[in-house]
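Take a look at the structure below.
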Amino acid sequence: MSVDIAVIDYGMANLRSVVKAIEHVAPALSVVVTSDPVVIAEASRVVFPGQGAAPDCMREIDARGLRQVIIDAAHSKPFLGICMGLQVLFEHSEEGDVDCLGILPGTVQRFPHEAMVDSAGDKLKVPHMGWNNVHQAAPHPMWVGIEEGARFYFVHSYFVQPTSPDVIAGFSHYPFPFTCAVATENIFAVQFHPEKSGNDGLTLLGNFVTWNPGETESACDMTGAACA
Numbered sequence: 001m002s003v004d005i006a007v008i009d010y011g012m013a014n015l016r017s018v019v020k021a022i023e024h025v026a027p028a029l030s031v032v033v034t035s036d037p038v039v040i041a042e043a044s045r046v047v048f049p050g051q052g053a054a055p056d057c058m059r060e061i062d063a064r065g066l067r068q069v070i071i072d073a074a075h076s077k078p079f080l081g082i083c084m085g086l087q088v089l090f091e092h093s094e095e096g097d098v099d100c101l102g103i104l105p106g107t108v109q110r111f112p113h114e115a116m117v118d119s120a121g122d123k124l125k126v127p128h129m130g131w132n133n134v135h136q137a138a139p140h141p142m143w144v145g146i147e148e149g150a151r152f153y154f155v156h157s158y159f160v161q162p163t164s165p166d167v168i169a170g171f172s173h174y175p176f177p178f179t180c181a182v183a184t185e186n187i188f189a190v191q192f193h194p195e196k197s198g199n200d201g202l203t204l205l206g207n208f209v210t211w212n213p214g215e216t217e218s219a220c221d222m223t224g225a226a227c228a
């Protein structure tokens, strides 16, 4: 039997908080944590959370036979990537000099040591950890009900560099602007952790469980400021 939402488990992430948050916003939907390619392929929606290092993530994805089903899901159904689940969608990561899934053109780079100074001249720590403002670079139904500049929770040392600016849906500053959300036809992926980001994070997850990618334009037309 197919499930409503498959949460991909590649063996390296603590998925409890993600699952609880999704169940909170969608109590009537079936949510399954799985590493079974068949279950993922048959699910209506897919969430791909992740943490740890990119080389370890890619190794475990391949060890579990998940590479192709993740690629297929990202092209065929509503797909939400979170943290490492954003980064490995790209072609290559500086972390461990590893090739990733190559679903999106671009690379993953480390925050450069020499640039980590704020406007007051104080040194900034890496990883970037804590709350930060997220600026909506493009209209999208996933932003509905979330104010421009809302604060979300981050924990990361690397950030994505998309080849095309057209996929950038959100950005933050640390201390320079970096991409923290991307969107394509079926994919919405974020560097921050919505499951740890209070009401705005729950709103984003709630938007995901009702998002129909083919209706993106019409949905934005109906939502006022969030998609203006």
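Quick note on the UniProt record's numbering: the sequence shown kicks off at 1 and runs consecutively. A virtual CB, placed ideally from N, CA and C, is assigned to each residue, including glycine.
Which value, in whole angstroms, describes the spacing of the CA atoms of residue i and residue j?
| i | j | result |
| --- | --- | --- |
| I70 | N132 | 29 angstroms |
| H92 | T179 | 16 angstroms |
| M116 | M84 | 22 angstroms |
| I146 | G198 | 12 angstroms |
| S30 | L202 | 17 angstroms |
| A181 | F111 | 17 angstroms |
| E185 | E42 | 19 angstroms |
| S2 | V46 | 12 angstroms |
| P194 | E114 | 29 angstroms |
| C60 | R151 | As written in the sequence, residue 60 is Glu, which differs from the Cys given in the question. If you take the alpha carbons of E60 and R151, they lie about 32 angstroms apart. |
| T107 | Q51 | 17 angstroms |
| E95 | F159 | 10 angstroms |
| Q109 | I82 | 17 angstroms |
| D99 | D122 | 34 angstroms |
| V19 | V126 | 28 angstroms |
| I8 | A73 | 11 angstroms |
| D56 | D4 | 28 angstroms |
| D97 | S157 | 15 angstroms |
| F176 | S17 | 30 angstroms |
| P213 | P165 | 19 angstroms |
| Q68 | P162 | 21 angstroms |
| P27 | D118 | 42 angstroms |
| W211 | A183 | 12 angstroms |
| H75 | M58 | 19 angstroms |
Residue j and residue i - do their beta-carbons sit closer together than 8 angstroms?
| i | j | result |
| --- | --- | --- |
| L66 | L89 | no |
| S44 | K77 | yes |
| H135 | F171 | yes |
| V39 | V32 | yes |
| V167 | M129 | no |
| residue 229 | Q87 | With the chain covering only 1 through 228, there is no way to say anything about residue 229. |
| P49 | L15 | yes |
| Y174 | L124 | yes |
| L80 | A13 | no |
| A137 | A169 | yes |
Under 7 angstroms: does the beta carbon of residue i sit that close to some heavy atom of the ligand ATP?
| i | result |
| --- | --- |
| R45 | By its list of ligands, the structure shown contains no ligand whatsoever, and the ligand ATP lies outside what it can speak to. |
Tell me the DSSP bridge mates of residue i?
| i | result |
| --- | --- |
| G50 | C83 |
| Y153 | W131, H193 |
| V7 | V33, V47 |
| Q161 | T107 |
Say whether the region 135-142 touches the region 204-213, bearing in mind that this needs 3 or more beta-carbon pairs closer than 8 angstroms, one atom from each stretch.
yes
Unbroken stretches of the beta strand (DSSP E), 3 residues or longer, contained in the region 73-146:
79-83, 106-110, 128-133
In chain order, each alpha helix (DSSP H) run of at least 4 residues that lies wholly inside the region 22-48
37-42
In chain order, which beta strand (DSSP E) runs of at least 3 residues are fully inside the region 163-210?
168-173, 177-183, 187-190
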